[in-house]
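Residue numbers (my numbering): 691 to 765.
This is the structure:
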């Protein structure tokens, strides 16, 4: 494993932990398809930690009652 891939793997593990352990205890609330956590995983895997994290943060900030949601894949 390259040193530069370690932070990326840590973030992906945290997202997986959230999806498996925390998300099932909460009511479904994401307005998008794929869900925000799945979008974050795909974005970080495709673009890396900085750009993927930025895309995920933008998506999470849009996931609110004032946005209609819908289908929004990783670009």
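Note that beta-carbon positions come from the ideal geometry of N, C-alpha and C, so glycine has one too.
This structure is a prediction, so every number in the text was calculated from the model and none was measured.
Taking the beta carbon of residue i as the centre, do at least 16 other beta carbons fall within 10 Å, making it buried, or is it exposed?
{"i": "residue 745", "result": "buried"}
{"i": "residue 731", "result": "buried"}
{"i": "residue 729", "result": "buried"}
{"i": "residue 749", "result": "buried"}
Hey, how far is the Cα of residue i from the Cα of residue j?
{"i": "residue 740", "j": "residue 704", "result": "16 Å"}
{"i": "residue 763", "j": "residue 751", "result": "15 Å"}
{"i": "residue 753", "j": "residue 724", "result": "12 Å"}
{"i": "residue 765", "j": "residue 702", "result": "19 Å"}
{"i": "residue 756", "j": "residue 736", "result": "28 Å"}
{"i": "residue 717", "j": "residue 711", "result": "13 Å"}
So, with DSSP's three-state summary, where would you put residue i?
{"i": "residue 756", "result": "coil"}
Does the beta carbon of residue i fall short of 6 Å from some heavy atom of the ligand ZN?
{"i": "residue 701", "result": "In the structure shown, the ligand ZN is absent, as is every other ligand, since no ligand is present at all."}
Beta-carbon within less than 7 Å of residue i's beta-carbon, same chain only, minus the 5 sequence neighbours each way: which residues are those?
{"i": "residue 727", "result": "705, 708, 709 and 713"}
Residues in the same chain with beta-carbon distance under 6 Å from residue i, minus the five sequence neighbours each way, listed in chain order, please.
{"i": "residue 650", "result": "A query on residue 650 cannot be resolved here, the shown segment of the chain reaching from 691 to 765 and no further."}
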